[in-house]
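So the protein sequences, as listed, match chains S and L.
136 is the number that the working numbering gives the last residue of the first sequence; the numbers go up by one with no jumps.
616 is the number that the working numbering gives the last residue of the second sequence; the numbers go up by one with no jumps.
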Amino acid sequence: MTSPGAADSGDGSPAVSGETWELRLYVTGRSPKSVRAIENLERACEQHLEGHYHIEVVDLLENPQLAADDQILAVPTLVRKVPPPIRKIVGDLSDTDRLLTGLQLRPRKAGTT
Amino acid sequence: MSMASNDRTDPMSAPADGAAGPALPKAPTGVRGLDEITRGGLPRGRSTLVTGGTGSGKTLLGLQFLVAGARDYGEPGVLITFEESAEKVSANVASLGFEIDALQRDRQLVVHSFRVDPAERIETGEFDLEPLFLLLGDAIERIGAERVVLDTIELLFGAFQDQVTVRAELGRLFRWLEDRAVTAIVTGEQGDNVLTRHGIEEYVSDCVIVLDHRIQEGISTRRLRVVKYRGSEHETNEYPFLISASGFVVQPITSIVLDYGAPEDRISTGVERLDHMLAGGLFRGSIVLVSGTAGTGKTSLAAHLADAACARGERTLMVLFEESPDQVSRNMRSVGLDLGHWVDAGLLRMWAARPTAFGLETHLAILARLIEDFAPSVAVLDGIASHTRGSSGPEVTSMVARQVDLLKAGGITAMATTLAHEDETSTVGISSLVDTWLLLRNVESDGERNRLLVVLKSRGSAHSNQVREFVITGHGVELVEVYVGAAGVVTGSARLAQEGRDRSAAVHQAEDLMRRRRELRRGIAATEARLALLQEEIASDRAEIERIDGRQQRQEADDDAARSAMASQRWADSGVRGDGGQR
């Protein structure tokens, strides 16, 4: 999962500055929580990372082994792979504030308010 | 699934003898001893909670359960660990001969590990633990897993902030496992005065096993207890267990009741006179306690037993609590016993361990293993009371009781030596457990210490009530009759002196007799001389008589002749004697 965006990670102002965020969301099939998580994530990204993100949805029902390989204990789990460091956010992402904090998108926004 | 749902209804309705009731299906754990305590293993198709503190052996128990299942019972398994990485798990148990990797390759075992690090997780909104279910379901499907170990599932509470969700998910997980009829071990962290910190026992109610790792007076002791086993008879005591070179071993020896046989044949103690004192030796399978103060020769006596047993070709185990095998070999050479060559011949095994190095239970478990592996017919436990240095009385007694049971159950003739203090009855109340009790005592008198041996008791056998002096010589132990005099028992030099006096008295007596004999002989000789003289006298008197007789006859003959000559001259009576005159 090497992406060109990784090169930009060290410049202190990540987020929207041309870098593509690599997000992976682990879900289990079409469970209500999974569906909600996908919706919540897409909405947040549209708002805060427009055009600079890529969401990969991994359905563990199709490959349970990935849960062990990627250390996914709970679903839904969102993993921010790029920019580093890797961050994990568990839950259906219904609390947008916490989602943004978790993705470290929040501090910048908070600074503007 | 098939058997899982309806045997909850027979908890106490089973007949009193327990075993006869509709047997609860069980899954053997492969842990030596645990299957005995639980009468066959863990409840099949159900979850068992194994709880204990850190380092109490929960993980190992779980692993052994899985490995045994996969290897010995054709029941593949899944391990999900929240404590260690899969590599670490594999490495940790490799030394125990568990080939986790090979079992995984053979599709007999699946290991998943999760690192639980709450710091890197942020929670927002609802979640569930479905990945666990998926992984378990996948293993059950792929390799036909029938056994599951979740180690330590309570760590999940630390992984998430939303405890309500975790709790609900665990409840769901246990129901799910039960529905799939897999036999599971779930491990928990024991908290203060509670079985598990987070109350896991609420969900796992069929069988609860508590592991305990206590440090008492600097000695670690491990114990296991089956707190609960629904619908099954089980032992409720605390059992010592050991994490040995080949895994988890529980010592269920108190379950061995007094049902061992009582053989009639006797074996030698290796000391002839002691055998004699015991009316022919020790009963096979009996337990002898040799107590004595320091340096009374307990080890030497025990070594004799071992030596004699080996000489008969019997396997002998010497468990040395005070010295190393080399030390004992060397020391026994000095009294003329070569134990080393019995070791080389494979008849003798010496195992030494300072009691303080392990807990009492560990010792017991090791002893059990030695007995099982080596199958000795004679055993020596040298220095059992050394345990008292580390532990308090009742524990030692119970420990010794277990050792005795263990030995008796194996039909092993054993001699245990123990250090008695000044008070000879201070032998930790263990004397009632043994069949024969020999007491070795130092007696100090005349500036020296000497050893005495006495048979305090010998069950089911006549035995000497005599005190013997116990002498250690360059060619072994000897028992010598003590001199009992007006001043009491005399030993050592005093005995020798007494014996000397006895000897000189005898010499005197012999000389007296000799003198008397000589005198009498001399008297006889004198008398005989006199007798000869008298006989000579008799003879000469007789000769004189004969001479006198002879002379008399000649006289008479001369007289006759003279008379007839005169008559013929005188022709006095020729008419009377006419013929005669013709001449």
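All C-beta atoms in this analysis are idealised placements derived from N, C-alpha and C, irrespective of residue type, glycine included.
Taking the CA atoms as reference points, L:Leu334 sits about 7 Å from L:Val510. L:Leu162 belongs to the set of residues whose beta carbon lies under 8 Å from a beta carbon in chain S. Annotation for L:Phe354: no beta strand (DSSP E) segment contains it, and DSSP assigns it neither H nor E. Apart from the 5 residues on each side of it in sequence, L:Thr229 sits with its Cβ closer than 8 Å to the Cβ of Leu82, Thr84, Glu187, Gly221, Glu222 and Gln223 in its chain, given in chain order. Each of L:Leu165, L:Asp239 and L:Leu203 was checked against the Cα of L:Pro58, and the nearest Cα belongs to L:Asp239. At the C-beta level, L:Val182 and L:Ile218 come within 8 Å of one another.
Your pair L:Gly330 and L:Leu473 checks out as a contact, with CB atoms roughly 6 Å apart and the cut at 8 Å.
Fully enclosed beta strand (DSSP E) runs of no fewer than 3 residues occupy 44-50 of the stretch 39-75 of chain S, in order along the chain. No Cβ of chain L is located within less than 8 Å of the beta carbon of S:Pro106. A Cβ-Cβ separation of about 13 Å leaves S:Ala60 out of contact with S:Leu126 under the 8 Å criterion. Per DSSP, L:Glu132 lies in no alpha helix (DSSP H) segment and is marked neither H nor E. The C-beta of S:Val113 comes closer than 8 Å to at least one C-beta of chain L.
Put simply, the CB of L:Phe281 is far from chain S, with every gap to its CB atoms at 8 Å or more.
Using a Cβ-Cβ distance cut-off of 8 Å, the stretch 103-116 of chain L and the stretch 130-143 of chain L are in contact, since at least three pairs of beta carbons, one from each stretch, lie closer than that value. According to the DSSP secondary-structure assignment, L:Glu477 is paired through a beta bridge with L:Arg482. Contacts with chain S (Cβ-Cβ distance below 8 Å) from the stretch 141-155 of chain L involve His145, Ser146, Phe147, Arg148, Val149, Glu153, Arg154 and Ile155, listed in chain order. Selection S:Gly114, S:Val113, S:Leu64 and S:Leu83 evaluated against S:Tyr76 yields S:Leu64 as nearest (Cα-Cα).
L:Ala103: member of the alpha helix (DSSP H) spanning Lys91 to Asp105, first to last residue. Bounds of the beta strand (DSSP E) holding L:Val181 are Arg180 to Asp184. Between the alpha carbons of L:Gly232 and S:Ala67 lies a distance of about 38 Å.
Within the stretch 88-99 of chain S, contact with chain L at the beta-carbon level (separation under 8 Å) is assigned to Gln88, Ala90, Ala91, Gln94, Ile95, Leu96, Ala97, Val98 and Pro99.
For the C-beta of S:Leu116, the chain L residues within less than 7 Å are, from N- to C-terminus, Thr157 and Gly158. Within chain S, the residues Pro87 and Gln88 have their CB atoms less than 8 Å from the CB of L:Asp171, given in chain order.
A direct Cα-to-Cα measurement between L:Gly107 and L:Ala178 gives close to 10 Å.
Taking a C-beta cut-off of 8 Å against chain L, the contacting residues of the stretch 46-79 of chain S are Tyr49, Thr51, Ser54, Lys56, Arg59, Ala60 and Asn63, listed in chain order. The beta carbon of L:Leu136 sits no closer than 8 Å to any beta carbon of chain S. Taking every protein chain shown into account, the CB of L:Gly493 has fewer than 16 other CB atoms within 10 angstroms, so this residue is exposed.
Residue burial annotation: L:Gln602 is exposed, with fewer than 16 other C-beta atoms found within 10 angstroms of its C-beta.
The CB of S:Leu83 comes closer than 8 Å to the CB of Glu163, Pro164 and Leu167 in chain L, given here in chain order. The three-state secondary structure of L:Asp377, taken from DSSP, is helix. For S:Arg103, no CB of chain L lies under 8 Å from its own CB, so it is not counted at the interface with that chain. Bounds of the beta strand (DSSP E) holding L:Phe281 are Gly280 to Val283.
Pairing L:Val215 with L:Gly373 gives a Cβ-Cβ distance that is not under 8 Å.
Two segments are said to touch when three or more pairs of C-beta atoms, one from each, lie closer than 8 Å; by this definition the stretch 396-416 of chain L touches the stretch 337-345 of chain L.
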